[in-house]
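What follows is a set of notes on a single structure, which appears directly below.
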Amino acid sequence: MARYGVYAVIPNPEQKQIVLVQEPNGAWFLPCGEIEAGENHQEALKRELIEELGFTAEIGTYYGQTDEYFYSRHRDTYYYNPAYLYEATSFKEVQKPLENFNHIAWFPIDEAIQNLKRGSHKWAIESWKKQHKIG
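Its first residue numbered 1, the sequence shown is counted upward by one per residue in full-length UniProt numbering.
Below, the structure written as structure tokens:
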């Protein structure tokens, strides 16, 4: 089963920390998620940022598409996951997240990379670091 996703690297204004979302299963991910039918990347990012973080954001660099396969124990399903990875250049908290079952936390950049479950999300932060000449 295919699950197309869009995700964003969202640094704090000082570019010292990255926000991550922890799902109920304990795994950490970059914010965002599945692209719904009829949505383009920008629309999916906008919707997912409100749902998961309660944020609006300016979307910057598109880092690229990565393809991963994973098994969801929760859904007992194997997924093909093309992921489209972006940078958020700024954000604003405008409301409480619509999804109240995730945990949101800011981590120092290298700790965020270590905490992430998916290799594609780690790659996105490494790409962001290179672009901004960090570390």
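Glycine included, each C-beta is placed from N, C-alpha and C at the ideal position. Model, not experiment: these values are computed from the prediction.
Residue i (DSSP reduced to helix, strand or coil)
i, result
"Glu126", "helix"
"Leu30", "coil"
"Lys46", "helix"
"Gln95", "coil"
"Glu36", "coil"
"Gly5", "strand"
"His103", "strand"
"Glu52", "helix"
First through last residue of the beta strand (DSSP E) which encompasses residue i
i, result
"Ile59", "Phe55 to Ser72"
"Ile18", "Gln17 to Gln22"
Among the options, the one whose alpha carbon lies nearest that of residue i
i, options, result
"Gln95", "Ile35, Glu52, Glu126 and Glu58", "Glu52"
"Gln65", "Pro82, Gln131 and Lys46", "Pro82"
"Ala27", "Gln42, Arg3, Phe101 and His132", "Phe101"
"Pro31", "Tyr71, Glu14 and Ala57", "Ala57"
"Ile50", "His41, Val6 and Pro97", "Pro97"
"Asn25", "Lys133, Lys117, Ile134 and Gln131", "Lys117"
"Ala37", "Lys16, Gly5, His103 and Glu23", "Gly5"
"Asn12", "Thr61, Tyr71, Lys92 and His103", "Lys92"
Backbone CA spacing between residue i and residue j [nearest angstrom]
i, j, result
"Ala2", "Tyr80", "5 Å"
"Tyr69", "Ile113", "19 Å"
"Phe107", "Glu126", "14 Å"
"Lys129", "Val19", "14 Å"
"Ser90", "Phe55", "10 Å"
"Tyr63", "His41", "13 Å"
First through last residue of the alpha helix (DSSP H) which encompasses residue i
i, result
"Ile113", "Ile109 to Asn115"
Practice task
Examine the Cβ distances between the segment 69–78 and the segment 86–93 and report whether three or more of them are shorter than 8 Å.
Solution key: no
Exercise for the section: Flag this pair as touching only if the segment 107–127 and the segment 38–50 have three or more C-beta atom pairs under 8 Å; answer yes or no. Expected result: no
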